Every structure is written in structure tokens, then in C-alpha cells.
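*Asks:* Chains as they are written, first to last, in our numbering: chain A, -5 to 457; chain B, -13 to 315.
1. What is the DSSP secondary structure of residue 236 of chain A, reduced to helix, strand or coil?
2. Just by C-beta distance, which residues in the stretch 68 to 92 of chain A are closer than 8 Å to chain B?
3. Contact criterion: CB-CB distance below 8 Å. Does residue 248 of chain B meet it with respect to chain A?
4. Thinking C-alpha only, which one of B:305, B:72 and B:172 is nearest residue 288 of chain B?
5. Is the stretch 163 to 177 of chain A touching the stretch 239 to 257 of chain A, taking contact as three or more C-beta pairs under 8 Å?
6. Within the same chain, show all residues whose beta-carbon is closer than 6 Å to that of residue 379 of chain A, passing over the 5 residues directly before and after it, in chain order.
7. If you drop the 5 nearest sequence neighbours on each side, which residues of the same chain put their C-beta closer than 7 Å to that of residue 315 of chain B?
8. Look at the Cβ atom of residue 101 of chain A, then the Cβ atom of residue 127 of chain A, and state whether they are nearer than 8 Å.
9. Specify, as a first and last residue, the run of the alpha helix (DSSP H) that residue 291 of chain B falls within.
10. Would you say residue 95 of chain A lies against chain B (beta-carbon separation less than 8 Å)?
11. My parser needs the alpha helix (DSSP H) runs of 4 or more residues fully inside the stretch 254 to 309 of chain B; what are they?
12. Quick check on this structure: which residue in B:257, B:26 and B:265 has the alpha carbon closest to the alpha carbon of residue 282 of chain B?
13. Which residues in chain B have a C-beta closer than 8 Å to the C-beta of residue 108 of chain A? List them in chain order.
14. Taking the straight line between their C-alpha atoms, what separation do you get for residue 106 of chain B and residue 5 of chain B?
15. Looking only at C-alpha atoms, which of A:133, A:85 and A:96 sits nearest to residue 195 of chain A?
16. Does residue 44 of chain A come within less than 8 Å of chain B when only Cβ atoms are used?
17. Closer than 9 Å by beta-carbon distance: list the chain A residues that pair up with residue 32 of chain B, in chain order.
18. Once the 5 residues before and after residue 375 of chain A are set aside, which same chain residues still bring their CB inside 7 Å of it?
19. Beta-carbon of residue 258 of chain B versus every beta-carbon of chain A: anything under 8 Å?
20. To be precise: take each residue of the stretch 40 to 72 of chain B, compare its Cβ to all Cβ atoms of chain A, and keep it if any distance is under 8 Å. Which residues remain?
21. Run through chain B and tell me which residues come within less than 7 Å of residue 102 of chain A, C-beta to C-beta.
22. Give me the DSSP bridge partner(s) of residue 263 of chain A.
23. For residue 171 of chain B, count neighbouring Cβ atoms within 10 angstroms of its own Cβ and tell me buried if that reaches 16, exposed if not.
24. Spell out the partners DSSP gives residue 318 of chain A in its beta bridges.
25. Go ahead and label residue 154 of chain B buried or exposed: buried means 16 or more other beta carbons lie within 10 angstroms of its beta carbon, across all protein chains shown.
26. Can residue 72 of chain B and residue -9 of chain B be called in contact, C-beta distance under 8 Å?
27. Run through chain A and tell me which residues come within less than 8 Å of residue 319 of chain B, C-beta to C-beta.
28. For residue 171 of chain A, tell me which candidate among A:180, A:152, A:187 and A:181 has the shortest Cα-Cα distance.
29. Measure from the alpha carbon of residue 309 of chain A to the alpha carbon of each residue in A:247, A:333, A:272 and A:342, then state which is nearest.
30. Along chain A, which residues have their Cβ under 7 Å away from the Cβ of residue -8 of chain B?
31. Over what stretch of residues does the alpha helix (DSSP H) that includes residue 403 of chain A continue unbroken?
32. Just to confirm before moving on: does the CB-CB distance between residue 51 of chain B and residue 24 of chain B stay below 8 Å?
33. With a Cβ-Cβ cutoff of 8 Å, do residue 449 of chain A and residue 377 of chain A count as a contact?
34. Answer yes or no: does any C-beta atom of chain A fall closer than 8 Å to that of residue -11 of chain B?
35. On the three-pair Cβ rule with 8 Å, is the stretch 151 to 167 of chain B touching the stretch 50 to 69 of chain B?
36. To test your reading of the DSSP string, which unbroken beta strand (DSSP E) runs of 3 or more residues are found completely within the stretch 27 to 101 of chain A?
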């Protein structure tokens, strides 16, 4: 029996795509480089998924596991033309016990909270949470605006069921020391196949309040963030927008009426009545001390309105360009003004209009680098700019990626931060889990046989 | 098409993606198929609910893209001609439902009774009541109630016909435009009150110089008196009405009537009819209906308010369904 026949016998004729339609799986949220998969397989449940993966392993057939395909770093692109195994149909809630919920990897993040009792919620909320899958969230250790208080996905994974490349299915996690689930969180599908996840739910706060600070300089805004922490406040979310992004929002359909300032910071505080009141008082003082002016939303409606602009910041900038790279470098909050200054110089040098949104609470910077996919020269400039921004961020004390993962996009940035020894250690880990490099090859780590194709050369090698 | 940045935010908004979980049957996949110029089943399976447009952060005009791409086959085109003439539609429905072929059986699940469209005209009418083609022949009692209610304040003429939405969605865009021009000319400057919310949405977008109101919108904007009702309901929001932003009027009208509304999850999620989709894509339509039915059942409420005929026909297979106009008399 051929490979395709065997796969069809497992999942049924219609769930193996080999026609031209397989090309619809050549890309994810990263559109700079794509490649058509040999075939796409969509198992219906865990049992079928296990059989599909076993079949591929037995035949030594390289494959890429995909959830919803929202990766911004190209982690789910079949960059070597691999078979794509889509987990999107494994989207069931398998059990719910107390504060823990067990789900299939294909379930959308938002559905976890929707299926939980009303007094609890699933805290990690990447901006793609209405669609992105839990399998992908686990594999990217996804964050979101509430990461500052609640932590990224890592902090909410109790256990995982994973299939290893030797065909063994293991249940990991749930230990207080030497927790073995952690290694699969953020591994971008390079070490094993996530089949289910047991997740921790969080009690819903009784009160949620929003305030906004306005600042005359980025430096003042950065100081305000530091002051806030020094006064013992851990906000649920703390987001900063610079003048460019405020202007982009105000010109778009997400117009909010933000003040025309050098920077604004939006803060969400949550918890219980008296505690939130106290945190508001302290945050106001922290912001005032840094020269900021503060307004507090008096109703949920006002709060929603203040957040609307921030939530529209990406699309508002997206609307000025047909495509963009969304970088996610983490930097030190104290270095924000310098880094932004350098980014603006890089923008000028390459004539690309970069705008910045900043998860100020945890130092995760999103420089959005626009490009025109129809114009190779313009794309080349954007890629150069992205590479230099990554370099600047790392040199200032930051890291190449805060939450979107390395994928194919940032392989060439790994060397900015990690030493050759670090990278060798990672390659060894990969070898332990996947000796024949069958799982999501050429993601995260540049292994033997991973040559960048086309535009990726610019990102990987600076050519 | 170039506005699509491939973020995938549309996926879970799309009913066919929700039930298949395949990129092929998703808006993002369809846009890519059009871009690449490849043949894809997905281009046939789109329900044309346009909920993806709401979910899209980049403002991709998906409805326009798919409607220019599609070409109606003889069966669809034939159906569209019938819809244009409600009287002929009523005859055709009666005839088909007498048969025992698959289409007849399918229709009998959705259509309870077939009526001749109500014809009515006051002297020097001030407003025009436009039931919509299906409403006029399948829900005539609702038309009668709406007319009785509106006549308390206005001189009314009932205008029967098709707005052109089915043509727009199912591959006869040129014809849809012709119809829009014809109506725009004959009803120019008039106040038109529509009993089918998705038709109202289409008319607002495509008809020129006509003051189109969804029924609830008219009642709310004119501040007409409404009775208090002691009922518990859950509200289905017709998809296109949601996209153009008029579905809030029905909710506010129900509140003004002191009805207790128990919200269902994602109220504008496709009903499982999709115009004539339920005839041409039976399996997908039924899978979508199962998802919708669960959302309704979870509210624990027996009565659903729906202001669009195909949605009503789909929902009343399992639930008690009323138009908001049915509550006014």
C-alpha cells in the first residue's frame, strides 16, 4: 500500500488532500516564504491522529503538525514540502475537573473559556485567541496582553499527551520537580506531537478597571512602568503605544480619540474591590511621578472604548500595507527609548515605515514592518530592516522572540543571542527526541540540509 | 484580495470551517484559491453569510470577491427567476412539494405552508412594506400582522418581489445589479420597511436613494408604541443584518416590549439554511444546523425570535420561532 493509500485508510478518502487544494496549506500567518505540502491529512480524533503519525514515522516520511495556521513566524509552513498533519479536527473538550480542563490540540483558545464554568477562565490570550489552537499555543508558549500578571501558556499547562518519534504515546507533566511537560512547551513541534493538553483554569477576578496615562516622552512612559512595579502593583495588562501607532489608529476605523502624545499607556487592573481601588491609587501616583496625566475609565463602556484603539493597532497599520512582518523582540523597559530611536533610524535607512506597539508590562515589543509582496525589492528592504531591528533589540539586552516563536522567520537571529555552544546544546536535545529529523525540520534550529530558499536568505544570512 | 494578510482571524467565524475544520472550506482558503486560480470545492461550499468580513481586521471585502467569482448554474439561475416573482414562487413550491423526490422531501422539512402573497394598497401610501420573496409566500400571517400594526399610523402599500440578494450571493451578480437599479428607480425617495433582515441589509448596501428600514429599525427609529409582552425569548441575529450593523434594533425593540432575552452564544452564527444553500449543500447545511441548534438549546428557552425567513424555516424544524412583528398584535 502506498503512503497515501494507507493514510486514506485511516482517515477516509476526503480527509487526505492531494489535489491543488493542498496548496492552501503552503502558508500560515507568515507569508514571506511558503512551500506546497506533498499532502495534507486531517485526522478526526486522537486515535486517528496516532495512526496517521505512526504511519508517517514508520515510513520515515517528514511531516509538519499544524493547528489553525496562525503562526507569525512560519512555524507551521511545510518549508521542505513535507506532509502536513492538521490537528484542527481534534477540537473537543475531553474532561473538566475542578480547575483543570483537558482538551484536544485543535480547539481554539477562546473555546476553552467558553467551555469552562462561568467563574473561571483560561488566562493566556494571544491576540489570535479567537482562532489560534491550543496545540499551537502550547508549542509557541503563547502570551498575550495578560501575560504580565498571569504568565504565558507555560504557567497554565498541567500536563500533555505527546507522541514521540519512536511511536510511543506518553503522558507528561503534573510533577512539582523535574516537570517533563515543560520541554514540549515552546518547542514549536520539533520534539514531539502534542495530542492533548490538560490546562489550568483561573478564578475570574471580581472587578476589572482600566486607566490610561499620557506622556510627553517615551522615557517618561518607560519610567512610569518601572514606578508602577516599584509601588507593588502587578497590573493584569499594561500596553504602550508610540506616536506613530496612535496616529495610525486615529486615522483608521478604530479611531478612539486618544490624545496626540508621544506615548500613552493603557493599564488594566483586576482583582477585588478594595485591592483594585488601592492599585489604582498607586498606579496613578506612579504615573504622576513620571510626569504622566491619568484618566480612569468610569464604566465598562469607557474601558472598552479605550482598549478598542489598542486592539485595532495591528489592523490599523495593516490597512496601510498589504502585508507586514510582525516582530516580537523582548527588550528591557529602560532601553525602550534608545531601541525605538534606533528602529526609527533603520526605518529611514530602508525606507520602510515601521510602527511599534509595546506590551510594556513584560517588555515585549512589536515592531510592524510593512512590505508589498508584489515588489521583491521592497520586500528585501523590509527583511533587512527586520534583521537589523532584531540585532538592535538583542544588543540592547533583549531577546529575538518574546512570544511568536522562531519558526523559519528568526532562525537567522538565533546567533545574535545564543552562543554556538547554546545552539549545539539545542541541536543535541533535538537529536535525542528526533534522531532522523522527521518533525518540523528547519524550524527553530538550522540543521544540516536546511538551506534558506528565496527571500529567507535575507532573514537567515543578511544577503 | 490583496488586503488579505493570511492571519486566519476569519476561520472560526465561518460556519463551514467550524463544521469541517478544513482550510479548504474557510474564507482564508477560498481567498487563496481565488488568488492562485485553482479549482477548489471550497468556492462552492461558501454559505455567503459574510461573517468573515466582521472578523477580518484588514477589511477584506470577501462578499464582493466571492460573488464576482461565482457563476450560477442552470438550477440556481432558475430558482432566482422564481424568487423574482413571488406568485410564481408560490405555485412552484406547491407543485414541488406535492412530489416525493429528494428536493420535494427536503423542501417539506423547511416549508410548513405555502400562501399567495398578500396584495394590499392604501390610497396615497406613505410607506411601503416589503416582505421579501420568501416571507411573502411562507410567512404571510407575519406580513398581515406587520401590515395591521403599521396601518395604525401610516397608509401602507405592500410591495412583493425579490431584493436580489440570492443573485448576489449565488453567482448572478449582474442580475442583482439590474434588480437593484430597477427597485432604486421605482421606489426612489420612498420609505421602505422590510420584514426580512438580510434583504434589508442587502438593500441598504445596494439600492440607491431608497430609505430602507429593517422592520425593527423602523419601529425603533419612529418610536412607535409597542405592547408589553411577558415572554422569555432567545434572539437569532441574521448574518448579513449583523454585518451591516442593524441587528441591534430587534434586541432594543424586544427590551422595550419588556421581553426577557436569554442570549445564545454567538447569535449571528449561521442558521443552517443559507438562502437556498440547504437545497444544494444538504450535508454541510445540516451539520451547521446541529451547531446552531446546540447554541439555542443551551439557553433553555423555547421561543426563538428570527427576523429572516430562511433562518426561521431552518430553526422551526426544531424550535418555536416567531418574527418580532408576530408579537405586536
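Virtual Cβ for every residue (Gly too), placed ideally from N, Cα, C. Since we're looking at a predicted model, the values are computed, not measured.
*Replies:* On the basis of the data shown:
1. In the structure shown, residue 236 of chain A adopts extended strand secondary structure according to DSSP, grouped into three states.
2. Of all residues in the stretch 68 to 92 of chain A, 80, 82, 83 and 85 have a Cβ within less than 8 Å of some Cβ in chain B.
3. With 8 Å as the cut-off, residue 248 of chain B does not count as an interface residue toward chain A.
4. Checking every option, the nearest Cα to that of residue 288 of chain B belongs to B:305.
5. At 8 Å Cβ cutoff, the stretches do not touch.
6. Apart from sequence neighbours up to five positions away, the residues of its chain that approach residue 379 of chain A with a beta-carbon distance below 6 Å are 340, 344, 346 and 363, ordered along the chain.
7. Cβ contact annotation for residue 315 of chain B (same chain, cutoff 7 Å, sequence separation greater than five): 131, 134 and 135, in chain order.
8. Taking 8 Å as the cut-off, the beta carbon of residue 101 of chain A is found closer than this to the beta carbon of residue 127 of chain A.
9. Boundaries for residue 291 of chain B: no alpha helix (DSSP H) harbours it, while the beta strand (DSSP E) harbouring it runs 289 to 291, taken from the DSSP string.
10. Proximity of residue 95 of chain A to chain B, defined by a Cβ-Cβ separation below 8 Å, is not satisfied.
11. Taking only runs of at least 4 residues, the alpha helix (DSSP H) segments lying wholly in the stretch 254 to 309 of chain B are 263 to 266, 268 to 283 and 295 to 301.
12. Taking the Cα of residue 282 of chain B as reference, the smallest distance to any Cα among B:257, B:26 and B:265 is reached at B:257.
13. The contacting residues are 251.
14. Here the alpha carbon of residue 106 of chain B sits roughly 43 Å from the alpha carbon of residue 5 of chain B.
15. Nearest C-alpha to residue 195 of chain A: A:96.
16. Closer than 8 Å: no.
17. Within 9 Å Cβ-Cβ: nothing; residue 32 of chain B doesn't reach chain A, min ~14 Å.
18. Non-local beta-carbon contacts of residue 375 of chain A in its own chain, meaning distances under 7 Å to residues more than five positions away in sequence, involve 344, 345 and 346 in chain order.
19. No, no contact with chain A.
20. Cβ contacts with chain A: 41, 43, 44 and 45.
21. Under the 7 Å cutoff, chain B gives -2.
22. DSSP output for residue 263 of chain A lists A:203 as bridge partner(s).
23. Residue 171 of chain B is exposed by the Cβ-count criterion.
24. In the DSSP output, where bridge partners are listed per residue, residue 318 of chain A has A:364.
25. Around the beta carbon of residue 154 of chain B, 16 or more other beta carbons lie within 10 angstroms, which makes this residue buried.
26. Not closer than 8 Å, so no.
27. Absent from the structure is residue 319 of chain B, since the part of chain B shown begins at -13 and ends at 315.
28. Taking residue 171 of chain A as reference, the option from A:180, A:152, A:187 and A:181 with the minimal CA-CA separation is A:152.
29. For residue 309 of chain A, the nearest C-alpha among the options comes from A:247.
30. Correct list: 21, 23 and 25.
31. Taken as a continuous stretch (DSSP letters only), residue 403 of chain A belongs to no alpha helix (DSSP H), as it is neither H nor E.
32. Not a contact, by the Cβ cut-off of 8 Å.
33. Yes.
34. Taking Cβ atoms only, chain A reaches closer than 8 Å to residue -11 of chain B, which makes this a yes.
35. Verdict: yes, contact present.
36. Within the stretch 27 to 101 of chain A, the complete beta strand (DSSP E) runs of at least 3 residues fall at 57 to 60, 77 to 80, 87 to 91 and 94 to 97.
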